[in-house]
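Shown next, in structure tokens, is the structure this report addresses.
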Amino acid sequence: MNKSLNTKSLNSLKPILSKFSKRFGKHIIFAALFGVLLVYLLIVFRISNLAKAEPSPEQEINVTSSIPKVDKNAVTQIQKLEQNNTEIHALFETARNNPFQE
Numbered sequence: 017m018n019k020s021l022n023t024k025s026l027n028s029l030k031p032i033l034s035k036f037s038k039r040f041g042k043h044i045i046f047a048a049l050f051g052v053l054l055v056y057l058l059i060v061f062r063i064s065n066l067a068k069a070e071p072s073p074e075q076e077i078n079v080t081s082s083i084p085k086v087d088k089n090a091v092t093q094i095q096k097l098e099q100n101n102t103e104i105h106a107l108f109e110t111a112r113n114n115p116f117q118e
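Each number in our numbering corresponds to the 1-based position in the sequence shown with 16 added.
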């Protein structure tokens with residue numbers, strides 16, 4: 017399990033690496049740009065596939081079953097409070113007439 021690093025084998029790689037860098041050194045920028053563009057293309061392709069994906073029937077059932085239920089007693093209590101307080105009543109009316117105004 018304990019292997020020592022042989023420096024002679026690393027020294028024998030130096031001429032090969034220098035020869036490789038002389039031959040392909042001027043193309044390293046092109047290769048890097050090509051790699052980045054390839055990754056970008058794969059990401060765009062994956063996003064496109066995920067955007068077209070349809071939910072499974074189990075997921076649709078889960079969404080429809082999680083619709084919140086409003087307590088009728090709470091609704092009547094809010095309506096009673098609204099009728100008793102004129103300022104709240106005006107606030108609710110303006111919110112109903114123009115829901116996008118702050």
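Built from N, CA and C at the ideal position, the CB exists for glycine as well.
These numbers were taken from a predicted model, which means no experiment stands behind them.
Roughly how many angstroms separate the alpha carbons of residue i and residue j, rounded to a whole number?
i	j	result
L49	S34	22 Å
E70	S64	12 Å
I45	G51	10 Å
S37	A47	13 Å
T110	F116	10 Å
E100	V91	Looking at the sequence shown, residue 100 is not Glu but Asn. Going by the C-alpha atoms only, they are around 14 Å apart.
T198	H43	Outside the displayed span of the chain (17 to 118) sits residue 198, for which this structure offers no information.
S25	V55	34 Å
E74	F40	54 Å
Return the chain-ordered list of same chain residues with a C-beta closer than 8 Å to the C-beta of residue i, the five sequence neighbours on each side being excluded.
i	result
L29	none
So, at 6 Å on beta carbons, what are the nonlocal neighbours of residue i in its own chain, with the 5 sequence-adjacent residues on each side left out?
i	result
H9	With the chain represented from 17 up to 118, any question about residue 9 goes unanswered, as that position is not in the structure.
F108	E98
K96	none
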